[in-house]
């Protein structure tokens, strides 16, 4: 099935650094969801975005719905060790009801 | 509010055996999804229910996979007979607002087929 292009695939960062990741598509999306998945657990919803240009924060996390409606960004400020995990984006293409998932960004934080 | 409940958390079977997974959605959530997540990949949709009706099962391998949603609440996903490539995590997700709202996932059922 179709998947979104999510980058980077993985990243190693130092504790305290900021992190940026994004998802892009050739299609227009109506909704973007960002999830974090820890090993052995299900994805946990972090942020939901519904309008182009929307910028939403959840603690140290900030996500944006791209103006073109074809991309979304997630930023994590001042990373801490518990930020380790896999971050997935999920988008709802315009005119459909089926979410498409990104391939995931694996984040490792070095103390 | 209780989250999405799934069981079993882990299951190991031999190929050609059968297995069933159970999901109890968040109370009041009409839409329920089963996803398959292979290691290192994002979730892939298998089937979507709206109440007790199937909305989309186009990616469900119907020769071996089946799913039902009894009375529009709990759901079961069955694999019979299992193949090695079915080894994955099976995630149940539910949604409150029809089709455009947030998806909430359960912890998943990890299947290993030997």
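Chains as they are written, first to last, in the numbering used here: chain A, 5 to 115; chain B, 3 to 116.
Even for Gly, the Cβ is constructed at its ideal location relative to N, Cα and C.
> If we cut at 7 Å on Cβ distances, does residue 67 of chain A have a partner in chain B?
Replying inline: no
> Going along the chain, which residues of the region 45 to 68 of chain B sit with their C-beta nearer than 8 Å to a C-beta in chain A?
Replying inline: 45, 46, 47, 50, 57, 58, 61
>> Measuring straight from C-alpha to C-alpha, what distance separates residue 93 of chain A and residue 67 of chain B?
In response: 27 Å
> Going by other Cβ atoms of all chains shown within 10 Å of its Cβ, with 16 needed for buried, is residue 18 of chain A buried or exposed?
Replying inline: exposed
> What does residue 112 of chain A pair with, by DSSP beta-bridge criteria?
Replying inline: A:16
>> Considering only their Cβ atoms, is the gap separating residue 84 of chain B from residue 39 of chain B smaller than 7 Å?
In response: no
> Just checking, does the region 96 to 112 of chain A make contact with the region 60 to 69 of chain A on the three C-beta pairs under 8 Å criterion?
Replying inline: no
> So, is the C-beta of residue 87 of chain B closer than 7 Å to a C-beta in chain A?
Replying inline: no
> With a CB to CB cut of under 8 Å and the five nearest residues on each side skipped, what residues in its chain are close to residue 5 of chain B?
Replying inline: 28, 106, 108
> Where do the N-terminal and C-terminal ends of the beta strand (DSSP E) with residue 15 of chain B fall, by residue?
Replying inline: 12 to 15
>> Strictly below 7 Å CB to CB, what residues from chain A border residue 108 of chain B?
In response: 46
> Which value, in whole angstroms, describes the spacing of the CA atoms of residue 82 of chain B and residue 108 of chain A?
Replying inline: 30 Å
> Excluding sequence positions up to five away, which residues of its chain have a Cβ less than 6 Å from the Cβ of residue 68 of chain A?
Replying inline: 59, 77
> To which residues of the same chain is residue 24 of chain A closer than 7 Å at the C-beta, ignoring the five residues directly before and after it?
Replying inline: 77, 79
> Alpha carbon to alpha carbon, how far is residue 23 of chain B from residue 9 of chain B?
Replying inline: 6 Å
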